[in-house]
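Engineer: Residue numbers (our numbering), protein chains in the order written: chain H, 10 to 195; chain Y, 38 to 496; chain G, 62 to 325.
Handing you a structure now.
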Amino acid sequence: MTVKIVNLKLNGVDKAFMARPETTLLLGLREQLGMMGAKRGCAQGACGSCTVLLDGSPVVSCLVPAVTVDGSTVGTVEGLSDGQVLSDVQQAFLDGFATQCGFCTPGMIMSAEALLERNPDPTTEEVQEAISGNVCRCTGYEPIITAILDAAARRRGTTAATTPETDEGPPPTTAYESSEGMRADV
Amino acid sequence: MAKINEIDTEFFADERSSSFTVIGTPAQRSDALGHVTGKTEFFEDRAFPDLAHVKIHRSVHHHARIDSVDCSEALKVPGVLRVITHHDVPANWYLVLRLIGVEPHDEPVLAEDRVLYVGEPIVAVVADTEAAAIEGASRVKVSYTELPAVLDVEEALSPDAPVIKKDGTNYFVYEGHHARRIRFGDVEEGFAQADHVFEWRYSSAPIEHAPTETTGCIVVPQSGNRLLIHSNTQAAFFTLDNTALILDRPFTDLQVKGGTVGGGFGGKVDVIVEPLACIAATLTNRPVKFVYSREEEMQVSSPRAAERIYIKDGVMADGRIVARKVMLYVDSGAYSRHTPYGTTKAAAHLPGPYTIPNVHADCHCVYTNRTPSSAMRGFGVTIADFAIESQMDRIARALDIDPLELRLRNAYRDGDMKAHRKVASGTALIEVIQRAAALVGHDLPPEYLAMSSSTPREA
Amino acid sequence: MLTEVHVPDDLSEALRLVAGGARVLGGGTSLMPRLNDHASTPTELVSLRRVGLAGVRVDGSAVRIGATTTLAELEHDDRVAFLSPVVRSIASVPVRNLATVGGNLFAEQPYGDLTVALVALDARASVLDAAGRREEPVAALAGQHHGLVTELVLEVPAPSTFRYLKATRRRYNSASIVTVAAVVEQTDGVVSAARVALGGVGRQVVRATLVEAALLGQPLDEATVASAAQAGLGQLDPSDDAYASAWYRARVFPVHLRRALLGR
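Put into structure tokens, the structure is as follows:
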């Protein structure tokens with residue numbers, strides 16, 4: 010068994026790490042380079058939490074033996090922002106409440122970034138297809154899809170179409186606001 | 038709106054003002070920036086150069102006696118550091134609900150002389166790499182004598198079913214009884230006076246939460262023999278207390294760092310991975326990770342229990358329900374976990390939000406040779422509700438009564454005595470139905486629109 | 062357990078490694094899920110990523126697809142647009158960017174929908190081993206694990222003769238319940254030639270010869286397709302899995318055959 014050096018251009022910076030035969034691109038990024046944005050949700054290519062851009066295209070990095078991509082260019086969620094200004098996709102997810110537990114979010118965002126690079130003005134259905142490999146179990150997909158459409162609008166420089174502002178204050182209360190609660194006493 | 042709890046500024050002088058203006062206005066989630074930048078730290082998002090890994094050798098049978106366990110081949114795998122069997126677990130038998138006094142402690146951390154479900158952990162293997170741990174776990178040899186399995190809740194309760202539990206019954210014993218019971222009025226008398234009697238059966242399958250992040254933890258030995266547990270548990274103190282009891286060590290030996298959960302939905306309240314990772318970390322004096330593979334998450338993490346529910350109702354021609362008898366069976370799987378509690382919740386939820394003068398319910402927490410079930414989003418209540426409301430719809434259809442009117446006619450009201458001998462208060466079912474009907478354009482007759490939760494029903 | 066991953070730069074080195082027992086790794090989307098989580102006998106992999114087999118060449122109606130062309134490359138190649146709906150029915154974007162055309166030939170059912178289409182299209186595979194190069198029908202490759210598929214060769218089907226339909230549990234990213242691919246030619250109002258291949262309904266891709274025979278010489282209408290479906294049932298050997306039961310697959314097969322061939 011040999012350990013090999015893998016060189017990557019990671020988020021624009023030259024990086025190298027040691028890979029065993031079973032080291033996937035995902036585990037190389039996480040365990041060797043400390044880039045924890047991409048997640049391991051299934052190691053089966055089924056959940057999309059590990060989605061990164063490999064030579065510009067989104068891939069499930071859990072299925073890529075690291076030694077096979079020596080010399081490649083890799084983009085991860087950490088490369089999208091300088092910590093001051095977010096990418097349009099990140100900002101749209103933030104503004105559109107498109108996260109809950111956050112575990113699928115980095116992969117979802119990388120799929121969205123790749124879609125908008127290829128298709129600046131996607132339809133809802135094209136967004137659905139683009140994130141069909143990214144599983145979210147909490148927020149539901151609606152706010153995510155809306156956020157991606159919003160990000161597309163932001164990138165094109167047109168007005169964002171989400172998160173209507175309301176000045177109406179709290180919604181009307183019912184006659185039962187002081188109820189002691191309606192839950193079974195268990 | 039009046040403040041419900043004023044802050045006592047005498048004691049909390051620096052407390053921020055509580056203007057309660059958030060509801061109805063957009064507010065940024067405090068963790069969302071971390072989520073979109075990938076900086077949110079989940080339990081697995083930390084690297085240790087000397088991290089060791091735990092993988093499990095699991096039962097391949099639903100029910101079997103273990104004749105022998107041979108770990109010698111596992112120990113020959115390069116990189117394997119230790120194997121852990123039940124002999125290495127200081128207090129092997131536990132029940133997560135022991136913290137609130139529930140007994141018996143019916144589940145072993147690692148199987149001893151028998152296995153009760155496919156996937157039950159028998160041996161844990163600790164290795165330098167995940168691959169070596171997987172390889173090691175696969176090389177453990179267990180020889181079994183297969184035993185007859187019970188896979189159905191009603192079969193499990195039949196007199197000739199094999200008893201699979203060491204405590205002697207295939208059901209959880211509630212204060213000396215075979216089920217969590219409700220006895221209110223006399224249902225047989227109710228059925229006798231009823232114009233119609235309807236009885237139907239409802240059932241549900243187990244449901245897996247399938248969180249995107251699988252269950253796991255990393256345990257890091259600290260100075261002074263303490264253990265730091267990075268966990269994605271939904272219940273940090275359940276984990277801390279149960280782990281300490283299993284390790285037979287003071288609670289103060291452990292620190293749980295968690296709260297960031299990549300999806301839980303009730304699937305991360307059982308204490309399964311942490312005790313073994315703590316034992317592995319102690320035995321190797323190295324940081325240890327134990328995280329489920331996706332297959333393990335689907336196969337052995339506790340699902341929502343399957344349930345089978347029979348509801349028999351005595352109903353008058355005008356739709357008043359005068360008797361309701363419920364026989365409810367919750368499939369706990371091989372071990373208790375949170376299901377005795379879930380079954381009690383089901384009992385607490387019966388007979389639904391309706392005032393019924395005669396109620397009889399037996400809610401059984403049944404053991405079978407299936408994956409142990411546990412908590413999930415309203416467990417106990419959700420499936421009971423599915424059954425109760427399906428029953429209401431079927432009665433309405435059978436009697437040709439509008440389904441909302443049937444519910445309004447039977448809805449509980451403030452002051453009603455519930456089957457649990459509690460006086461109903463703060464009820465709002467009538468108003469909720471009236472509002473829902475209005476919103477969907479479902480016309481209700483004037484006498485139903487005039488109903489109110491605060492007006493006592495006519496006798 | 063993975064013991065080595067070779068990434069040779071040329072085909073002859075790859076061939077030598079395969080002859081030595083190494084397993085071929087295309088995109089890894091079938092092989093890696095297994096290797097990531099399960100013990101295995103000592104396994105060496107030979108990745109074809111750098112051997113130069115990727116790319117699509119079109120010369121008139123002749124199409125040559127390199128074995129390591131990714132499904133995504135095929136999806137976006139306008140010259141083979143008839144294959145785009147096939148590819149888009151397979152897995153998801155980040156999987157299609159890895160998965161290769163050659164790998165799809167060896168995907169286990171109910172996966173491998175491109176292969177279903179390739180069988181219907183009468184594609185041939187160029188296979189290289191120590192004995193040299195040979196060409197074999199794609200349909201004959203099932204279960205073979207010696208030699209290296211380097212290229213697929215097929216003809217662009219005549220306009221509106223190629224039909225493809227994949228019934229799934231959800232619109233995107235689902236394995237097959239029933240996949241139907243067919244090339245049907247009609248002359249003088251009757252079917253004059255038919256090649257029908259099925260996925261999801263057998264241990265391997267099924268060449269539905271009984272369906273073909275029932276179509277030949279008949280008008281392509283509901284009655285013909287219904288009786289062809291009945292004839293075809295005898296060739297199905299579906300499995301139970303998480304996507305559908307064997308019973309369900311057989312039960313809905315006539316519906317999907319009709320939708321594939323008649324569009325309704």
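Ideal Cβ placement from N, Cα and C applies to all residues, glycine included.
Less than 8 angstroms between the CB atoms is what I'm expecting for G:Gly44 and G:Gly260, so what's the real figure, rounded?
Structural biologist: Here chain G has residues from 62 to 325 only, and residue 44 of chain G is not among them.
Engineer: Within 10 angstroms of its Cβ, does Y:Ile121 collect 16 or more other Cβ (buried), or is it exposed?
Structural biologist: Classification for Y:Ile121: buried.
Engineer: Look at the alpha carbon of Y:Leu118 and the alpha carbon of Y:Leu112, and state the distance between them as a whole number of angstroms.
Structural biologist: Taking the straight line from one Cα to the other gives about 7 angstroms.
Engineer: Along the stretch 64 to 76 of chain H, where does the CB come closer than 8 angstroms to a CB of chain G? Name the residues.
Structural biologist: So the list reads Ser66, Pro67, Val68, Val69, Cys71, Leu72, Val73, Pro74, Val76, given in the order they occur along the chain.
Engineer: Please determine, among G:Leu78, G:Glu169, G:Val257, G:Ser300, the residue with the shortest C-alpha to C-alpha distance to G:Phe223.
Structural biologist: Considering only alpha carbons, the answer is G:Val257.
Engineer: Strictly under 8 angstroms for the Cβ-Cβ distance: is Y:Ala84 near chain H by that measure?
Structural biologist: Judged by the 8 angstroms Cβ criterion, Y:Ala84 is in contact with chain H.
Engineer: Starting from the beta carbon of G:Asp98, find every residue of chain Y whose beta carbon is closer than 8 angstroms, and list them in chain order.
Structural biologist: Those within 8 angstroms of G:Asp98 in chain Y are Ile171, Ser330, Arg331, Glu332.
Engineer: Given 8 angstroms as the limit, is there contact between the stretch 78 to 90 of chain H and the stretch 63 to 70 of chain H, that is, 3 or more CB pairs closer than that?
Structural biologist: Yes, the stretch 78 to 90 of chain H is in contact with the stretch 63 to 70 of chain H.
Engineer: Would you kindly report the start and end of the unbroken beta strand (DSSP E) that includes Y:His1?
Structural biologist: Within the shown structure, residues of chain Y are numbered from 38 to 496, placing residue 1 of chain Y beyond reach of any answer.
Engineer: With a threshold of 7 angstroms on Cβ separation, who are the neighbours of H:Val76 within its own chain once the five nearest residues in sequence on each side are excluded?
Structural biologist: Lys13, Val15, Ala28.
Engineer: If we ignore side chains and look at the alpha-carbon of each, how far apart do Y:Leu387 and Y:Arg345 end up?
Structural biologist: The straight-line gap from Cα to Cα measures roughly 14 angstroms.
Engineer: With a threshold of 8 angstroms between beta-carbons, can G:Met93 be considered close to chain Y, or not?
Structural biologist: So, not an interface residue.
Engineer: Hey, how far is the Cα of G:Ser122 from the Cα of G:Leu271?
Structural biologist: Approximately 29 angstroms, taken between the alpha carbons.
Engineer: Determine whether the Cβ of H:Thr60 lies closer than 8 angstroms to any Cβ atom of chain Y.
Structural biologist: No, H:Thr60 does not count as interfacial toward chain Y.
Engineer: Put Y:Lys305 into one of helix, strand or coil per three-state DSSP.
Structural biologist: Looking at Y:Lys305 - three-state DSSP - the assignment turns out to be coil, as it is neither helix nor strand.
Engineer: Do the CB positions of Y:His267 and Y:Arg83 come within less than 8 angstroms of each other?
Structural biologist: Contact flag set, yes.
Engineer: Let me know if Y:Asp368 comes out buried or exposed under the rule of 16 or more other beta-carbons within 10 Å of its beta-carbon.
Structural biologist: Y:Asp368 should be labelled buried.
Engineer: Please report the distance separating the alpha-carbon of Y:Arg218 from that of Y:Pro409.
Structural biologist: So the two alpha carbons sit approximately 23 angstroms from each other.
Engineer: Which of the three DSSP states is assigned to H:Pro173 in this structure?
Structural biologist: Low confidence applies to H:Pro173: its pLDDT is 41, below 50, so where it sits in the model is not reliable, and the reading given next is rough at best. Of the three classes helix, strand and coil, the one that applies to H:Pro173 here is coil, per DSSP.
Engineer: Residue ranges of each beta strand (DSSP E) run of no fewer than 3 residues wholly in the stretch 150 to 174 of chain Y, ordered along the chain?
Structural biologist: Runs of the beta strand (DSSP E) inside the stretch 150 to 174 of chain Y: 158 to 164.
Engineer: May I have the straight-line CA-CA distance separating G:Val79 from Y:Phe209, to the nearest angstrom?
Structural biologist: So the two alpha carbons sit approximately 58 angstroms from each other.
Engineer: For G:Ala75 and G:Leu106, I'd like the C-alpha separation in whole angstroms.
Structural biologist: If you take the alpha carbons of G:Ala75 and G:Leu106, they lie about 10 angstroms apart.
Engineer: Quick one: which chain H residues come within Cβ less than 7 angstroms of G:Pro155?
Structural biologist: Here the neighbours are Gly57, Thr60, Pro67, Val68, Val69, Ser120, Gly142.
Engineer: Looking at Y:His100 and Y:Ile201, is the spacing between their C-beta atoms short of 8 angstroms?
Structural biologist: Yes, Cβ-Cβ distance for Y:Ile201 and Y:His100 is below 8 angstroms.
Engineer: Is it the case that the stretch 415 to 422 of chain Y contacts the stretch 439 to 455 of chain Y, given that we only count it when at least three CB pairs across the two stretches are under 8 angstroms?
Structural biologist: Output reads no: the stretch 415 to 422 of chain Y does not touch the stretch 439 to 455 of chain Y.
Engineer: Please list, in chain order, the residues of the stretch 68 to 86 of chain G that have any C-beta partner in chain H closer than 9 angstroms.
Structural biologist: So the close ones are Val68, Leu86.
Engineer: So, for Y:His479: in the same chain, excluding its five sequence neighbours on each side, which residues have a beta-carbon less than 7 angstroms away from its beta-carbon?
Structural biologist: Leu441.
Engineer: So the beta strand (DSSP E) G:Arg224 belongs to, where does it begin and stop?
Structural biologist: G:Arg224 -> beta strand (DSSP E) spans 223 to 228.
Engineer: Is there a Cβ of chain G sitting closer than 8 angstroms to that of Y:Ser175, yes or no?
Structural biologist: Judged by the 8 angstroms Cβ criterion, Y:Ser175 is in contact with chain G.
Engineer: Between the alpha carbons of Y:Thr58 and Y:Trp237, how many angstroms are there, rounded?
Structural biologist: Answer to the nearest angstrom: the Cα atoms are 48 angstroms apart.
Engineer: Nearest to G:Leu239 by CA position, among G:Tyr225, G:Val262, G:Gly113, G:Val252, is which residue?
Structural biologist: Note that residue 239 of chain G corresponds to Val in the displayed sequence, not to Leu. Of the candidates G:Tyr225, G:Val262, G:Gly113, G:Val252, the one whose C-alpha sits nearest the C-alpha of G:Val239 is G:Val262.
Engineer: Would you call the stretch 315 to 329 of chain Y and the stretch 247 to 254 of chain Y in contact, with 3 or more CB pairs under 8 angstroms?
Structural biologist: Yes: at least three Cβ pairs fall under 8 angstroms.
Engineer: Would you give the residue range spanned by the alpha helix (DSSP H) that Y:Gly379 belongs to?
Structural biologist: 376 to 386 is the span of the alpha helix (DSSP H), which, as asked, contains Y:Gly379.
Engineer: Using DSSP with H/G/I as helix, E/B as strand and the rest coil, what is H:Met27?
Structural biologist: Three-state DSSP puts H:Met27 in a strand.
Engineer: Here's a check: name, in chain order, each residue in its chain whose Cβ is nearer than 6 angstroms to the Cβ of Y:Ser462, leaving out the five neighbours to either side.
Structural biologist: Closer than 6 angstroms at Cβ, skipping near neighbours: Asp451.
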